[in-house]
Amino acid sequence: MGNAEDAAMTCAEACQAAGFAVEARELNQIGVDELRAATHFLAVTSTFGDGEFPDNAALFWNALTAQDIPLDHLSFAVLALGDIGYDLFCNAGRLLDERLEALGATRLTERIDIDGPYERAAAAWTTDVVTLLAAALAEPPAPAPGAEPAGRERHHRVATRCTVNRLLSVADSEREVRHYEIDLTGSGIAYRAGDSLAVHATNDPVLVDALLAQLGAAPDHIVAGHDEPLGTLLTEHLDIRVPSRALQALVGARTRNASAAAALRTHAGSWCYGKDVLDLVRLADLDVGEVVDTLRPLQFRDYSIASSPLMHPDSAHLTVSTVRYTCGDRRHGGVASTFLADRGENLTVQLRPNHRFRLPDPAVPIIMVGPGTGIAPFRGFLQERQVTGASGQSWLFFGDRHRATHYLYGEELDAFARAGTLSRLDLAFSRDSETKTYVQHRMCERGADLFGWLRDGAHLYVCGDADRMARGVDAALREIVAVHGRLDAAGADAFVADLITSHRYVRDVY
Ligand SMILES: Cc1cc2nc3c(=O)[nH]c(=O)nc-3n(C[C@H](O)[C@H](O)[C@H](O)COP(=O)(O)OP(=O)(O)OC[C@H]3O[C@@H](n4cnc5c(N)ncnc54)[C@H](O)[C@@H]3O)c2cc1C
Ligand SMILES: NC(=O)c1ccc[n+]([C@@H]2O[C@H](COP(=O)([O-])OP(=O)(O)OC[C@H]3O[C@@H](n4cnc5c(N)ncnc54)[C@H](OP(=O)(O)O)[C@@H]3O)[C@@H](O)[C@H]2O)c1
Ligand SMILES: Cc1cc2nc3c(=O)[nH]c(=O)nc-3n(C[C@H](O)[C@H](O)[C@H](O)COP(=O)(O)O)c2cc1C
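Listed below in structure tokens is the structure:
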């Protein structure tokens, strides 16, 4: 989502302003041999998937681990971005830090692992690194006159309105998917097709009241160490949905429910799946202050923008699957998706640019794979190609559960196909047939054509579920390349690696 990129570019600008000769690059764009010639290497990386490197760093990591190059001359520092809710917190940063040490490089400073919002901690790291570099270099170059960090474009929170909230799936079908239009008039937000929008939601007031009742505290209660009343903390600032590890540990230690205590000791993660803070707090007699101290800050949720500014300059459209499910004796709802669905007329948003997820020149063919809510950015791409009258061919693979209930934007997609904006449309409705049919099955069926498009320079985009769909699509892509390019597995991987480094295979998956 560009967090690591933002932190890295801010650091590079600070180094430049301090007079160091610095070059900022995506990790995949660095040949490991180039590290032999460098004196200092500052790396910022997030972690993706299950403890994996992000797409634009994975090839670098493969190369760095493929051979033991001596790096005794190199001084390095690693800043790791992540989310402590994942099992392998900041794993990519940790692996990189350990590998560089194993190759003989020397740490300029200890690695910092950042959970969630990164700006403040990253700025402190940058200040430390610049100071250490200045001290390490005997004669640091003088800052260029008037050189100040250029200041990267900042995207601020904007209070706005949701003007359209429309059901996309058929009413009362098993999964609710909604279309939203967020008013950007006068907001100063100028988005591009492919960007995302962060929604700063508040917690469900019914859930907040239930939690207050369970804790036996009033909304105006002030918890030691906090300025704002408890009701405001629980509504606006703290995550009361997904139980933090600290809360799991607290409840595990204090509950008199033996089976819950055992589960929290042995397999807390899977046992807590679907439970929220109230479910856990009910299991033990806890003081309000100690519960609040375990809660994590409430974070915004990202949504891929489903429109093009060329067609909708004053609004950003979103395609959101509403998280609603039953766990035990209670109905649960996701923070942001139910906020949008049920209470989101007035909301706060923030632009999250996605510099890698961009349309190529209008003449270049594109292949889009976006089942479920993954359709969102491709609706934006198709609108853009329609407005510009792009000559390049466009091919969409879409899928969902049933055609009758979840052909999201079906009429619009059919119209794009009739108008020729969409040259090819392949659909995979997984539950309309005896055996499951997914988008990657359609890709394999059309493998010869798909490989031909890629060989002719098409860009491939994937959006939607990261855990299952994106992995399946990636495996299918490699198989298609191997079969139709007549390559062995290594050759197919090299072909795909070339697509990745040239930014012709990009993913917006979650
Ligand atoms: C770059 C990016 C782009 C995205 N784009 C989109 C998009 O276009 N459309 C979209 O819909 N989403 C998108 N997402 C996902 C989105 O950001 C949210 O994660 C999603 O809407 C859920 O948020 P929430 O606040 O409603 O749920 P949360 O409060 O975060 O709750 C989610 C949690 O609920 C639990 N849960 C969910 N379902 C069940 C279940 N059936 N049974 C038990 N437990 C369950 C799980 O613990 C899950 O982690 C995107 C994410 C990213 C990172
Ligand atoms: N982790 C989970 O178990 C889980 C489950 C559902 C949704 N989600 C999340 O919910 C959000 C919204 O989901 P969504 O609207 O995009 O819909 P989705 O639940 O991802 O489903 C869209 C389509 O993808 C299919 N699908 C399932 N497994 C697949 C695979 N391995 N390869 C390719 N396609 C596959 C689904 O089929 P079938 O459902 O018929 O198999 C369905 O037809 C996403 O963030 C997603 O990650 C997570
Ligand atoms: C699909 C997905 C998987 C993630 N997996 C991990 C993980 O395994 N470990 C971790 O610490 N953080 C994980 N994160 C959190 C990100 O690393 C974190 O949000 C980071 O700030 C993103 O930075 P970026 O925008 O530079 O990618 C994941 C985030 C997403 C969306």
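The numbers in full-length UniProt numbering rise by one with no breaks, and the one at position 11 of the sequence shown is 11.
C-beta atoms are modelled at their ideal positions from N, C-alpha and C, and glycine is treated no differently.
Open item on the list: So, with DSSP's three-state summary, where would you put Phe60?
Closed with: helix
- [ ] Compute the minimum distance between the beta carbon of Pro371 and the heavy atoms of ligand 2, and state whether it is under 7 Å.
- [x] yes
Open item on the list: Rounding to the nearest angstrom, what Cα-Cα distance links Thr131 and Phe20 in this structure?
Closed with: 12 Å
- [ ] Return yes when the C-beta of Ser321 is under 7 Å from any heavy atom of ligand 2, and no when it is not.
- [x] yes
- [ ] Could you tell me whether any non-hydrogen atom of ligand 2 is closer than 7 Å to the CB of Arg468?
- [x] yes
Task: Near ligand 3: Pro297 beta-carbon under 7 Å from a heavy atom - done: no
Open item on the list: Taking 7 Å as the cut-off, is the beta-carbon of Met1 closer than that to any non-hydrogen atom of ligand 3?
Closed with: yes
- [ ] Look at the alpha carbon of Asp87 and the alpha carbon of Asn346, and state the distance between them as a whole number of angstroms.
- [x] 35 Å
TODO: Please say whether Leu280 and Pro313 have beta carbons closer to each other than 8 Å?
DONE: no
- [ ] To the nearest angstrom, report how far apart Gly457 and Thr319 are at their CA atoms.
- [x] 29 Å
- [ ] Quick one: using the 10 Å Cβ neighbour count with 16 as the cut-off for buried, is Pro205 buried or exposed?
- [x] exposed
- [ ] Output yes or no for whether 8 Å exceeds the beta carbon distance between Val335 and His200.
- [x] no
Task: CA nearest to the CA of Leu233, picked from Asp287, Val292, Thr322 - done: Val292
- [ ] Just mark Ile375 as buried or exposed, buried being the case when its beta carbon has 16 or more other beta carbons within 10 Å.
- [x] buried
- [ ] State the DSSP-derived secondary structure class of Ser502, mapped to helix, strand or coil.
- [x] coil
Open item on the list: Rounding to the nearest angstrom, what Cα-Cα distance links His155 and Arg36 in this structure?
Closed with: 37 Å
Open item on the list: Let me check one thing: in DSSP terms, what residues is Ala196 bridge-paired to?
Closed with: According to the sequence as given, residue 196 is Ser; it is not Ala. Ser304, Arg352, per the DSSP bridge assignment.
Open item on the list: If distances are taken between C-alpha atoms only, which option among Ile240, Asp302, Asp113 comes closest to Val296?
Closed with: A small correction: the amino acid at residue 296 is Arg; Val does not occupy that position in the sequence shown. The residue with the shortest Cα to Cα distance from Arg296 is Ile240.
Open item on the list: Nearest by alpha-carbon distance to Arg175: which of Met443, Gly472, His406, Leu413 is it?
Closed with: His406
Open item on the list: ligand 1 and Ala363: does the residue's C-beta get closer than 7 Å to at least one heavy atom of that ligand?
Closed with: no
Open item on the list: Across the segment 411–427 and the segment 458–468, are there enough close Cβ pairs to call them in contact, namely three or more that are closer than 8 Å?
Closed with: no
Task: Proximity to Gln299 [Cα-Cα], best of Asp83, Phe41, Ala12 - done: Asp83
TODO: Determine the burial state of Asp276: buried for a count of at least 16 other Cβ atoms within 10 Å of its Cβ, exposed for fewer.
DONE: buried
Task: Distance, Ala490 Cα to Asp302 Cα - done: 35 Å
TODO: Pick out the complete beta strand (DSSP E) segments inside the segment 387–444, 3 residues or longer, and give them in chain order.
DONE: 394–400, 424–429
Open item on the list: Between Ala4 and ligand 3, is there a pair consisting of the residue's CB and a ligand heavy atom that are separated by less than 7 Å?
Closed with: yes
- [ ] Note down the Cα distance separating Arg385 from Arg192, rounded to an integer number of angstroms.
- [x] 13 Å
Open item on the list: Check for me: the beta strand (DSSP E) holding Gly464 runs from which residue to which?
Closed with: 459–464
- [ ] Measure the Cβ-Cβ separation of Leu460 and Arg504 and say whether it is below 8 Å.
- [x] yes
TODO: Would you give the residue range spanned by the alpha helix (DSSP H) that Ile480 belongs to?
DONE: 469–484
Task: Per-residue DSSP class, three states only, for His237 - done: helix
- [ ] Keeping to the same chain, check which residues put their C-beta closer than 7 Å to that of Ala263; ignore five residues upstream and five downstream.
- [x] Trp271
TODO: Confirm, please, whether the CB-CB distance from Thr47 to Asn91 is below 8 Å.
DONE: yes
Task: Span of the beta strand (DSSP E) around Gly82 - done: 75–82
TODO: Return the CA-CA distance between Leu96 and Pro54, expressed in angstroms with no decimal places.
DONE: 12 Å
Task: Helix, strand or coil at Ala316 [DSSP, three-state] - done: strand
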